[in-house]
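J.: Chains A and B, in that order, are what the protein sequence lines are.
Per the numbering used here, the first sequence runs over residues 8 to 271.
Per the numbering used here, the second sequence runs over residues 4 to 305.
Every residue gets a Cβ at the ideal spot worked out from N, C-alpha and C, and that includes glycine.
These numbers were taken from a predicted model, which means no experiment stands behind them.
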Amino acid sequence: MNTIAFAAASPDAAPVMPPRRVLGAYLAEARSECLRYLRAPGFLLPILLFPGLFYLVFGVLMGRSEGADAARYLLGSYSVFGVMSPGLFGFGVSLSLERDGGLLTWKRALPMPPGAYLLGKMLMAMGAATVVVLMLLAMATGLGHVVLAPMQAIALLVTGMLGVLPFCALGMLVGTLIKGQGAPGMLQLVYLPMSFLSGLWFPLSMMPKFLQQFAPVWPSYHLDRIALVAVGLAHEAVLPHVLVLAGFGAVFFALAVRRLRRYG
Amino acid sequence: MNDTIVACLAAAAKRYGSLVALDGVDLAVRRGELLALLGPNGAGKSTSISLLLGLIRPDAGRAELFGLDPQRIEARRRIGVMLQSANLPPTLRVGELLRLTMSYYPNPRDFDETAALAGIADLLKRPYGKLSGGQQRRVQFALALCGRPELLFLDEPTVGMDIDARQKLWAAMRTLVAEGCAVVLTTHYLEEAQALAQRVVVLGQGRVLSEGSVDDLRKRVALTRIRCVSDLDAEAIAAWPGVASASRDGVHLSIATARAEIVVRRLLDADPALDELEVQRAGLAEAFTELTREPTAELEAA
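1. Note the first and the last residue of the continuous alpha helix (DSSP H) segment covering residue 149 of chain B.
2. Taking Cβ to Cβ, would you say residue 130 of chain A is nearer than 7 Å to residue 244 of chain A?
3. Taking the straight line between their C-alpha atoms, what separation do you get for residue 174 of chain B and residue 193 of chain B?
4. Let me check understanding here. Comparing Cα to Cα, which of B:153, B:138 and B:97 lies closest to residue 185 of chain B?
5. Go through its chain and collect everything with a Cβ distance to residue 59 of chain B's Cβ below 8 Å, but skip five positions before and after it.
6. What is the rounded straight-line gap between the Cα of residue 46 of chain A and the Cα of residue 197 of chain B?
7. Just to make sure I have the definition right: I need the residues of chain A whose C-beta is within less than 8 Å of the C-beta of residue 89 of chain B. Which are they?
8. Among residues of its own chain, excluding the 5 on either side of residue 74 of chain B, which ones have a beta-carbon nearer than 8 Å to its beta-carbon?
9. Is the stretch 120-130 of chain B touching the stretch 89-97 of chain B in the sense that three or more CB pairs, one from each, lie closer than 8 Å?
10. By the three-class DSSP mapping on this structure, what secondary structure does residue 301 of chain B have?
11. Between residue 31 of chain A and chain B, is any beta-carbon pair separated by less than 7 Å?
12. Spell out whether any CB of chain A is found under 7 Å from the CB atom of residue 303 of chain B.
13. Beta-carbon of residue 24 of chain A versus every beta-carbon of chain B: anything under 7 Å?
14. Should residue 204 of chain B go down as buried or exposed, given a rule of 16 or more other Cβ atoms within 10 Å for buried?
15. Helix, strand or coil for residue 184 of chain B per DSSP?
16. Does any residue of chain B bring its CB to less than 7 Å from the CB of residue 39 of chain A?
17. Pull up the distance between the alpha-carbon of residue 263 of chain A and that of residue 123 of chain A, whole angstroms please.
18. With DSSP run on the structure shown, which of helix, strand or coil describes residue 283 of chain B?
19. Taking the alpha-carbon positions, what's the residue 4 of chain A to residue 171 of chain A distance?
20. Going along the chain, which residues of its own chain have a beta-carbon closer than 6 Å to the beta-carbon of residue 39 of chain B, five neighbours each way excluded?
21. Going straight from the alpha carbon of residue 217 of chain B to that of residue 126 of chain B, what length do you get?
22. Verify the CB distance criterion: does residue 17 of chain B have a CB-CB separation below 7 Å to chain A?
23. Using alpha carbons as the reference points, say which of B:237, B:227, B:145 and B:86 lies closest to residue 283 of chain B.
24. Classify residue 242 of chain A as buried or exposed, calling it buried when 16 or more other Cβ atoms lie within 10 Å of its own Cβ.
25. Which value, in whole angstroms, describes the spacing of the CA atoms of residue 37 of chain B and residue 161 of chain B?
26. Closest Cβ-Cβ distance between residue 84 of chain B and chain A: below 7 Å?
27. Take residue 9 of chain B as the anchor and find which of B:165, B:263 and B:71 has the nearest alpha-carbon.
28. Where residue 85 of chain A and residue 192 of chain A are concerned, what is the direct C-alpha to C-alpha distance, given to the nearest angstrom?
29. List the DSSP bridge partners of residue 19 of chain B.
30. Measuring alpha carbon to alpha carbon, tell me which residue in A:110, A:159, A:139 and A:102 is nearest residue 180 of chain A.
31. Please report the straight-line C-alpha distance between residue 67 of chain A and residue 125 of chain A, rounded to a whole angstrom.
32. Kindly list the residues whose CB is nearer than 6 Å to the CB of residue 127 of chain A, restricted to its own chain and excluding five residues on each side of it in sequence; keep chain order.
33. If you measure between the beta carbons of residue 211 of chain A and residue 220 of chain A, is that distance less than 7 Å?
34. Name, going along the chain, the residues of the stretch 178-193 of chain B whose beta-carbon falls closer than 8 Å to a beta-carbon of chain A.
35. Buried or exposed: residue 183 of chain B, going by 16 or more other Cβ atoms within 10 Å of its Cβ?
36. Are residue 213 of chain B and residue 206 of chain B touching if we call contact CB-CB under 7 Å?
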C-alpha cells in the first residue's frame with residue numbers, strides 16, 4: 008500500500024493505516040460477506056441444492072442402468088454445472104442488487120481497501136463451489152458406486168474451487184450491466200444455455216455436429232474438459248484449457264472493473 | 004487559509020446528458036465547521052456531495068478532499084459518510100456492521116463510545132434488516148462517525164426520525180463539531196440548519212445562490228416587511244435611512260427594512276392617520292423560498 012508515501016508527502020498529520028489494519032479490513036470484509044449469506048439460506052440453498060438434485064436424478068438414479076462410468080462422467084460435468092452457479096449468481100445477483108440498493112455506492116465512499124468487497128464475494132463463491140463438489144463427490148461414491156482415487160477427488164475439488172473464478176468474473180460483468188431485479192433472469196439466460204451447449208447435461212457426442220464444433224467458445228466447455236481429466240475420463244493436456252479460462256476470466260473482470268469505476 | 008480547508012469544489016460542473024446538475028460551483032468546507040447545504044430537489048446538493056466523495060467525476064473544475072483527489076483512499080480514511088439511501092446487508096447484526104466499518108479506519112473510535120454517541124447501544128445484537136427506518140438511520144449515523152472522521156458527510160440524516168431521535172442526533176452532531184470534526188449537512192428541514200449550522204450554502208439550479216451564516220442568509224432576504232394603509236409617498240420613504248425598498252400597491256404601502264422599529268416610529272410620526280399596520284419578520288424558510296424562487300433577481304440584488 009502507498010499509505011506511508013502519502014503520509015510523508017502530506018504536511019498535514021494524515022492518519023497512517025498500518026498494514027496489519029489493512030489486512031484486518033480485508034478479513035473483516037470477507038467474514039461479513041460469508042456471514043450475511045450463510046444467514047440468508049434462501050439465497051444460498053438453491054445454488055447449492057440445484058446441482059445436487061440434478062446429479063441425484065440424472066447421474067445416480069437414471070444413470071444406474073448406464074453403469075458407473077456414466078455416473079463418473081456426470082460427476083465431472085455436474086460438478087462444473089454446480090460450480091458455475093455460485094460464481095454467476097453469487098456474484099452477479101448480489102452485485103446487481105447492491106448496486107441498486109446503494110450499498111456499493113456507500114462502500115465506494117468509505118475507505119474500504121480496494122478489492123476487499125470483491126475478494127469477500129470471491130471467497131464466498133469458492134466456498135460454495137467447494138460445498139457443491141463435496142456434495143456431488145459424496146453422492147457419486149456413496150450412491151453411484153463411483154470409485155475415485157483420493158488424488159482424483161482432490162483434483163476435482165481443486166478444479167471446482169478455482170474453476171468458479173472465471174464465472175465470478177462473468178457474473179460480475181452481468182451484475183454491472185443490469186441493475187436490480189433483472190439480473191437473475193439474465194443470468195439464467197446465460198447459465199442454462201451455456202451449460203447445455205458445452206455438454207454439461209448430455210455428452211457432446213450426443214449433440215448435433217455443429218453444436219459440438221461450437222462448444223469451445225464457452226468457458227464452461229473448458230472447465231468440463233479439466234473436470235473430466237480430473238475424474239480420469241479424459242486424457243489430454245489441461246494447460247490450454249486453464250489458459251483459455253484464465254483469459255476469459257481476465258477479460259470479463261477487466262470489463263466489469265471498468266464499468267464499476269465509471270458508473271459504480 | 005488553504006490549510007484550514009478540508010474539502011472543496013472549484014468551478015465544478017457536472018451534466019447528465021442535457022441536464023446541467025452543477026454549473027460551476029465553488030464550495031469550501033473549513034476545518035471544524037458545520038456547513039449546511041440547502042436547496043430544493045434537483046438543486047445539485049447530492050451531486051456536490053458525490054463529487055466531494057469521489058463517487059462521480061466533475062466534467063469541469065476540481066473536487067478535492069484534504070487537498071487530494073477524493074478517490075484516493077488516504078483522503079477517504081479521514082471522512083465519515085451517511086448517504087440518503089443505503090440498503091445495508093439485512094442479515095448482519097448492528098454490532099457486526101459497526102466492527103466491519105471500524106476496520107476500514109486507521110484509528111477508529113471506541114466501539115462502545117460510538118454506540119453510545121449514536122444512541123444504538125440497545126440495537127447492537129439486532130439484525131439490521133429488522134430495525135425500523137429511524138433505527139436504521141441511527142445505525143448509519145454510527146457507521147459514519149465510527150472512524151473518528153475529520154469531516155463528516157450527512158445527506159438528509161434525520162429523514163424518517165421521530166422528534167426524540169432527531170434531537171439526539173443533533174446533540175451528537177454538536178458533540179462531534181465540538182471535537183473539531185467538520186460536518187457537511189444536507190437537509191430539507193430548515194430548522195435543522197438553523198439549529199446547527201455555522202454556515203449555510205444555498206444551491207439552486209446547479210449554482211450557489213447564497214453563502215453565509217444563518218443570520219446572514221436571513222438578513223439578506225428576510226428584511227422585515229412593513230405593510231400599512233397610508234398616503235405617504237413611497238419614493239420618499241425609500242430614501243429614508245434603513246429602508247431597503249418601498250412601494251405602493253393601491254392604498255397599501257409596502258416597505259422592506261432591516262430596522263423595523265425605527266422606520267415604524269417615523270412612519271407613525273409622519274402619518275397620524277396610518278392604519279392597518281403589519282410588521283412581519285420572515286423566517287429562514289421564507290428567506291430560503293425567496294432565494295430559490297427568484298435566483299436571478301436575488302443575484303442582481305447582491
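T.: Put simply:
1. Mapped onto the second sequence, residue 149 of chain B falls at position 146. Neither: residue 149 of chain B is in no alpha helix (DSSP H) and is coded neither H nor E.
2. Position 123 of the first sequence, counted from the first residue, corresponds to residue 130 of chain A. Position 237 of the first sequence, counted from the first residue, corresponds to residue 244 of chain A. When the beta-carbon positions are compared, residue 130 of chain A and residue 244 of chain A stay at least 7 Å from each other.
3. In the second sequence, residue 174 of chain B corresponds to position 171, counting from 1. In the second sequence, residue 193 of chain B corresponds to position 190, counting from 1. Rounded to the nearest angstrom, the two C-alpha atoms are 17 Å apart.
4. Counting from one through the second sequence, the residue named residue 185 of chain B turns up at place 182. The option with the nearest alpha carbon to residue 185 of chain B is B:153.
5. Along the second sequence, read from residue 1 onward, the residue named residue 59 of chain B stands at position 56. Result list for residue 59 of chain B: 17, 50 and 53, in chain order.
6. Position 39 of the first sequence, counting from 1, holds the residue named residue 46 of chain A. Position 194 of the second sequence, counting from 1, holds the residue named residue 197 of chain B. When only Cα atoms are considered, residue 46 of chain A and residue 197 of chain B end up about 44 Å apart.
7. As a first step, residue 89 of chain B must be located in the second sequence, where it is residue number 86. Near residue 89 of chain B (Cβ distances below 8 Å), the residues of chain A are 108, 109, 110, 112 and 113.
8. To locate residue 74 of chain B, count along the second sequence from 1; it is residue 71. Cβ neighbours of residue 74 of chain B within its own chain (closer than 8 Å, five residues either side excluded): 57.
9. Taking a contact to require three or more Cβ pairs closer than 8 Å, the stretch 89-97 of chain B and the stretch 120-130 of chain B qualify as touching.
10. Here the question's residue 301 of chain B lines up with position 298 in the second sequence. Because residue 301 of chain B carries a pLDDT of 41, less than 50, the predicted location of this residue cannot be relied on, and the following value inherits that uncertainty. Of the three classes helix, strand and coil, the one that applies to residue 301 of chain B here is helix, per DSSP.
11. Here residue 31 of chain A is taken as the residue at index 24 of the first sequence, counted from 1. Yes - at least one Cβ of chain B is within 7 Å of the one on residue 31 of chain A.
12. Counting from 1 along the second sequence, the entry for residue 303 of chain B is found at position 300. With a pLDDT of 40 at residue 303 of chain B, under the threshold of 50, the modelled position of that residue is not reliable, and the figure given next carries that caveat. No, its Cβ sits nowhere closer than 7 Å to a Cβ of chain A.
13. For the purposes of this step, residue 24 of chain A is taken as the residue at position 17 of the first sequence. Chain B, which has a Cβ nearer than 7 Å to the Cβ of residue 24 of chain A, makes this yes.
14. Position 201 of the second sequence, counted from the first residue, corresponds to residue 204 of chain B. By the neighbour-count rule (16 or more Cβ atoms within 10 Å), residue 204 of chain B is buried.
15. By one-based count along the second sequence, residue 184 of chain B stands at place 181. It is coil, neither helix nor strand.
16. As a first step, residue 39 of chain A must be located in the first sequence, where it is residue number 32. Under the Cβ distance rule, residue 39 of chain A counts among the residues neighbouring chain B, one pair being separated by less than 7 Å.
17. Position 256 of the first sequence holds residue 263 of chain A. Position 116 of the first sequence holds residue 123 of chain A. Using only the alpha carbons, I get a separation of about 16 Å.
18. Position 280 of the second sequence, counted from the start, is the residue given in the question as residue 283 of chain B. DSSP places residue 283 of chain B in strand when its eight states are reduced to three.
19. Past the edges of chain A, shown from 8 to 271, lies residue 4 of chain A, and the structure says nothing about it.
20. Here residue 39 of chain B refers to the residue found at position 36 of the second sequence. Cβ neighbours of residue 39 of chain B beyond the five flanking positions: 188, 196, 200 and 203.
21. Within the second sequence, residue 217 of chain B is the residue found at index 214, counting from 1. Within the second sequence, residue 126 of chain B is the residue found at index 123, counting from 1. When rounded, the separation of the alpha-carbon atoms in residue 217 of chain B and residue 126 of chain B is 35 Å.
22. As a first step, residue 17 of chain B is located in the second sequence; it is residue number 14 there, counting from the start. No, residue 17 of chain B lies away from the interface with chain A (no Cβ there is under 7 Å from its Cβ).
23. Walking along the second sequence from the start, residue 283 of chain B turns up at place 280. Residue B:227 is the option with its Cα nearest to residue 283 of chain B.
24. Reading the first sequence from its first residue, position 235 is the one you call residue 242 of chain A. Per the 10 Å Cβ criterion, exposed.
25. In the second sequence, counting from the first residue as 1, residue 37 of chain B sits at position 34. In the second sequence, counting from the first residue as 1, residue 161 of chain B sits at position 158. Between the alpha carbons of residue 37 of chain B and residue 161 of chain B lies a gap of roughly 16 Å.
26. Indexing the second sequence from 1 puts residue 84 of chain B at position 81. Taking 7 Å as the CB threshold, residue 84 of chain B lines the interface with chain A.
27. The residue given as residue 9 of chain B occupies position 6 in the second sequence. Of B:165, B:263 and B:71, the residue nearest in Cα terms is B:71.
28. Position 78 of the first sequence, counted from the first residue, corresponds to residue 85 of chain A. Position 185 of the first sequence, counted from the first residue, corresponds to residue 192 of chain A. Residue 85 of chain A and residue 192 of chain A: Cα-Cα distance of roughly 21 Å.
29. For the purposes of this step, residue 19 of chain B is taken as the residue at position 16 of the second sequence. Its beta-bridge partners are B:22.
30. Counting from 1 along the first sequence, the entry for residue 180 of chain A is found at position 173. Ranking A:110, A:159, A:139 and A:102 by Cα distance to residue 180 of chain A puts A:102 first.
31. Working through the first sequence from its first residue, we reach residue 67 of chain A at position 60. Working through the first sequence from its first residue, we reach residue 125 of chain A at position 118. Between the C-alpha atoms of residue 67 of chain A and residue 125 of chain A there is a straight-line separation of about 36 Å.
32. To locate residue 127 of chain A, count along the first sequence from 1; it is residue 120. Sequence-distant partners of residue 127 of chain A (beyond 5 residues in either direction) whose C-beta falls short of 6 Å from its own C-beta, in its chain, are 36, 37 and 40.
33. Walking along the first sequence from the start, residue 211 of chain A turns up at place 204. Walking along the first sequence from the start, residue 220 of chain A turns up at place 213. Pairing residue 211 of chain A with residue 220 of chain A gives a Cβ-Cβ distance that is not under 7 Å.
34. Taking 8 Å as the Cβ-Cβ cut-off against chain A, none of the residues of the stretch 178-193 of chain B qualify.
35. Position 180 of the second sequence, counted from the start, is the residue given in the question as residue 183 of chain B. Here residue 183 of chain B is exposed. Its C-beta has fewer than 16 other C-beta atoms within 10 Å.
36. On the second sequence, residue 213 of chain B is found 210 positions in, with the first residue counted as 1. On the second sequence, residue 206 of chain B is found 203 positions in, with the first residue counted as 1. No, they are not a contact pair.
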